[in-house]
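So the sequence lines, in the order shown, correspond to chains V and S. In this text, residue positions in the first sequence follow this note's numbering: the first is 5, and each later residue adds one. In this text, residue positions in the second sequence follow this note's numbering: the first is 8, and each later residue adds one. Remarks on the structure that follows.
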Amino acid sequence: MANRVLTGTRFVHGDWACAEGAISAGCGYYAAYPITPATEIAERIAQRFPVLGGKFIQFEDEIGAIASVIGASFSGLKAMTATSGPGVSLMLENIGLAVMTEAPCVIVNVMRGGPSTGQPTMGAQGDVMQCRWGMHGDVETIALAPQSVQEMYDLTVEAFNLSEAYRTPVFLLSDANIGHLYERLTIPREEELTLVDRKRPTLPPSEYLPYRADESLVPPMASFGDGYRFYSTGLTHDEKGYPDMSVETQDKLVRRLCDKIRRNTDKITMVETLMTDDCEVLVVAYGIAARSAATAVKQARERGLKAGLLRLVSLWPFPDKLLEKMAEDAKAVIVAEMNYGQLVREVERAVKPKPVRFLPKLGENPHTPGEILEAIRRIDA
Amino acid sequence: MTEEMKHPLSDYLRMDRLPHIWCAGCGLGIILHSYVEAIQELSMDLDKIVTVSGIGCAGRASGYVNTDAFHTTHGRALPFATGISISRPDLKTVVISGDGDLFAIGGNHLIHAARRNVDMLVICSNNFNYGMTGAQYGPTTPLNTRTPTSPYGSIENPFNLVALVASSGATMVSRWTVYHVYHLKNAIKKGLQKKGFSFIEVISPCTTGFGRLNKQTPIEMMRQLRDNTKIMKVHPMEATIDPSTEIIIGDFVDVRKPTYGEILRELEAKAR
Ligand SMILES: Cc1ncc(C[n+]2csc(CCOP(=O)(O)OP(=O)(O)O)c2C)c(N)n1
Ligand code: SF4
Ligand SMILES: [Mg+2]
Chain V
5 MANRVLTGTR
15 FVHGDWACAE
25 GAISAGCGYY
35 AAYPITPATE
45 IAERIAQRFP
55 VLGGKFIQFE
65 DEIGAIASVI
75 GASFSGLKAM
85 TATSGPGVSL
95 MLENIGLAVM
105 TEAPCVIVNV
115 MRGGPSTGQP
125 TMGAQGDVMQ
135 CRWGMHGDVE
145 TIALAPQSVQ
155 EMYDLTVEAF
165 NLSEAYRTPV
175 FLLSDANIGH
185 LYERLTIPRE
195 EELTLVDRKR
205 PTLPPSEYLP
215 YRADESLVPP
225 MASFGDGYRF
235 YSTGLTHDEK
245 GYPDMSVETQ
255 DKLVRRLCDK
265 IRRNTDKITM
275 VETLMTDDCE
285 VLVVAYGIAA
295 RSAATAVKQA
305 RERGLKAGLL
315 RLVSLWPFPD
325 KLLEKMAEDA
335 KAVIVAEMNY
345 GQLVREVERA
355 VKPKPVRFLP
365 KLGENPHTPG
375 EILEAIRRID
385 A
Chain S
8 MTEEMKHPLS
18 DYLRMDRLPH
28 IWCAGCGLGI
38 ILHSYVEAIQ
48 ELSMDLDKIV
58 TVSGIGCAGR
68 ASGYVNTDAF
78 HTTHGRALPF
88 ATGISISRPD
98 LKTVVISGDG
108 DLFAIGGNHL
118 IHAARRNVDM
128 LVICSNNFNY
138 GMTGAQYGPT
148 TPLNTRTPTS
158 PYGSIENPFN
168 LVALVASSGA
178 TMVSRWTVYH
188 VYHLKNAIKK
198 GLQKKGFSFI
208 EVISPCTTGF
218 GRLNKQTPIE
228 MMRQLRDNTK
238 IMKVHPMEAT
248 IDPSTEIIIG
258 DFVDVRKPTY
268 GEILRELEAK
278 AR
């Protein structure tokens, strides 16, 4: 039997790292439909899974892929799909089903330029709001944004852990630049990995209520075939899982589904800061764009400009309070993202009335450090 | 409830969810009954069956069965069930859903699940319309039928479900009606024991929708299922269906082919 965790250091691309991250995290089911720039994840999984006993299936479309992922999740497996923006567009209804029925699963979006078919081979960060607001109804999502090949691995593991802990779909928002980037990846030893598994019911089947949660707001999860004979539906449901169209049940359910994430915003939030202690200009960036931003901040400091970087590693739930606090002593905030204005709206909202300067970027390449440095310089002048 | 008052199928149903939502005269209750009776007669372990459905009147069936059960989104019961079937080959995966759910919005999944020969039993209630949304025409509605969205008569050709599923690769294909309860139950029993993609079309009256719009009483609709049906052992392509004149019913296909799961396990053994 081959090794599950491929401990060691290698020179690989981001999609490869993501596939190995999933395998390290214990992913046992992967379904997808080919799409650039995420296909290489499926190709790696297709190579590795048969040896490990994982279940790989290429579906007829992304809708089928995500529906089957939810089925596998309720069958007790850690399950994942990977795609790009067009695929997520097709999946949204069923991602809502995963939210509603509380199916842990991971959805990787290796973002490419949009709208529509857009720029298939070119990176972008245009799906940040899609994963937050694309589903109908009130939802909270968790999304992580890797900036390197190493993080494609690390954050895929983390995405599985969060999905299991909160019983919710978790997005890994990467982009073509990172998916196709070759870099050094170090995979730890198996015993160094921290893995989280969903809470299982402890009550006997006769007393188990599939949607009753304790103060954590996350109900323990039985799998098909465990003898619990539970029923689950995308309809508004009571603690038994039974459809209930009452106002009270809708109110209670939607609040719990959202609050189990909202209330844990501090715990879920992952950021990295660079020279923010005394900064007058706070740069906010994530994913590949944060790499240019880090260089720009360092160059600014060399020139005596007091800049700092807040890199958001997790995008959702949005860390409002953290942003407000970090921007408190800054003169202004700069947001650099590879789109025409998405997360900047959240930043503006959080740091109000602090002035926010937005640096859009459309079409494949992230901002150059020079472009961000120039923006820092202008604010300082 | 005292022992003598207990319904013989009460262990197989979620009694706390009854009465069901279906209209008087609707065929769905008979389909549900046939399903749980088949499970009972086979003495199957309820813990080892998963009942999955999509959205629609038929889709509500999963909510009344005392097995693990899941009510998915419209059209997606089959890929959801595929995820289970592949992950847990030790469980029997059963889909109960409507003609619109399985052949309109979910039609692509249907032909691909049949093509892959995923091990599952699919029971499709065909009531010739989208019952739940108010009897609009769908992929099974006979030509010229008046419905709320075809007020001048439907101008589309309907699918012959058994022909479509058989040509997609299903290893068991039958068509029965809710009038033929004995045959229906036997077909379900066969499907529950079958390894491979098994499909049973059940002609089922939508009394409130199709019936009311075509000025047919529930009793007339049931009579039609008796009088207009002919049991035949034919190729599914020849199993024609025209509810107002003749519907060919019967068991049309029963062959054994390696299932998706079996082939996958072989591949895994080789890869190791
Ligand atoms: C994505 C989506 N589109 C439309 C609907 C509305 N809808 C609910 S049930 C249904 C039709 C069901 O027809 P069928 O599968 O034949 O089941 P029946 O009610 O006839 O048993 C439709 C169109 C929906 N729930 N979801
Ligand atoms: S609308 Fe038609 S299919 Fe739906 S429950 Fe009523 S009779 Fe049955
Ligand atoms: Mg119908």
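Glycine included, every Cβ here is placed at the ideal spot set by N, Cα and C. On a predicted model such as this, the values are computed, not experimentally measured, just so you know.
- According to the DSSP secondary-structure assignment, MET179/S is paired through a beta bridge with SER205/S, ASP261/S.
- In this structure, ALA340/V sits away from ALA385/V, with a CB-CB distance that is not shorter than 8 Å.
- Ranked by Cα distance from ILE254/S, the first of GLU208/S, ASN136/S, PHE87/S, ARG24/S is GLU208/S.
- Here ALA354/V is buried, its C-beta having at least 16 other C-beta atoms within 10 Å.
- Distances between the C-beta of ASN134/S and the heavy atoms of ligand 1 include at least one below 7 Å.
- In the pairwise beta carbon analysis, the region 309-316 of chain V is classified as touching the region 268-282 of chain V: at least three pairs are separated by under 8 Å.
- Secondary structure within the region 247-301 of chain V: the beta strand (DSSP E) runs of 3 or more consecutive residues, fully enclosed, are 275-278, 285-289 (chain order).
- By the Cβ criterion, the region 163-177 of chain V is in contact with the region 121-138 of chain V, since at least three pairs of Cβ atoms, one from each stretch, lie closer than 8 Å.
- ASN369/V counts as exposed, since fewer than 16 other beta carbons sit within 10 angstroms of its beta carbon.
- Annotated as proximal: ARG122/S and GLY176/S, with beta-carbon spacing under 8 Å.
- Taking the Cβ of ALA278/S as the reference point, every heavy atom of ligand 1 lies at 7 Å or farther away.
- A distance below 8 Å separates the beta carbons of VAL260/S and VAL180/S.
- By the CB criterion at 8 Å, ASN113/V and VAL92/V fall inside the cutoff.
- Rounded to whole angstroms, the Cβ separation of GLY100/V and GLN134/V is 13 Å, and the two are not in contact under 8 Å.
- Counting of Cβ neighbours within 10 angstroms places GLY218/S among the buried residues, the total reaching 16 or more.
- Residue state for TYR42/S is assigned as helix, using DSSP reduced to three classes.
- What ASP126/S touches in chain V, judged by beta-carbon distance under 9 Å, is nothing: the nearest beta carbon there is about 13 Å away.
- In terms of Cα proximity to LYS356/V, the closest of LEU221/V, TYR344/V, ALA336/V is ALA336/V.
- The alpha-carbon separation between CYS33/S and GLY80/V amounts to approximately 36 Å.
- Under the three-state reduction of DSSP, ALA149/V is assigned to coil, being neither helix nor strand.
- Residue pairing of MET84/V in beta bridges, as defined by DSSP: TYR34/V, VAL110/V.
- At least 8 Å separates the CB of GLU269/S from every CB of chain V.
- As the crow flies, the alpha-carbon of ILE27/V is around 38 Å from that of LEU171/S.
- Under the 8 Å Cβ criterion, the region 49-61 of chain V does not count as touching the region 60-78 of chain S, having fewer than three qualifying pairs.
- Considering only beta carbons, the part of the region 79-109 of chain V lying closer than 9 Å to chain S consists of SER79, GLY80, LEU81, ALA83, GLU97, ASN98, GLY100, LEU101, THR105, in chain order.
- The shortest CA-to-CA distance from THR172/V to any of PRO205/V, GLY141/V, ILE111/V is the one to ILE111/V.
- Taking 8 Å as the cut-off, the beta carbon of GLU284/V is found no closer than this to the beta carbon of ALA331/V.
- The Cβ of PRO26/S sits no closer than 8 Å to any Cβ of chain V.
- Cα atoms of PRO26/S and GLY70/S: separation of roughly 12 Å, rounded to the nearest angstrom.
- Residues of the region 158-185 of chain V that bring their beta carbon within less than 8 Å of a beta carbon in chain S are absent altogether.
- Distance check between ALA35/V and each of ALA71/V, TRP20/V, LEU56/V places ALA71/V closest, using alpha-carbon atoms only.
- In the DSSP secondary-structure assignment, GLU187/V is bridged to VAL16/V.
- The beta carbon of ILE93/S falls within 8 Å of a beta carbon belonging to chain V, placing the residue at that interface.
- Taking the Cα positions, ASN193/S is about 14 Å away from VAL129/S.
- At least one heavy atom of ligand 3 falls within 7 Å of the beta-carbon of GLY107/S.
- In this model, GLU163/S and GLN254/V are separated by some 40 Å (Cα to Cα).
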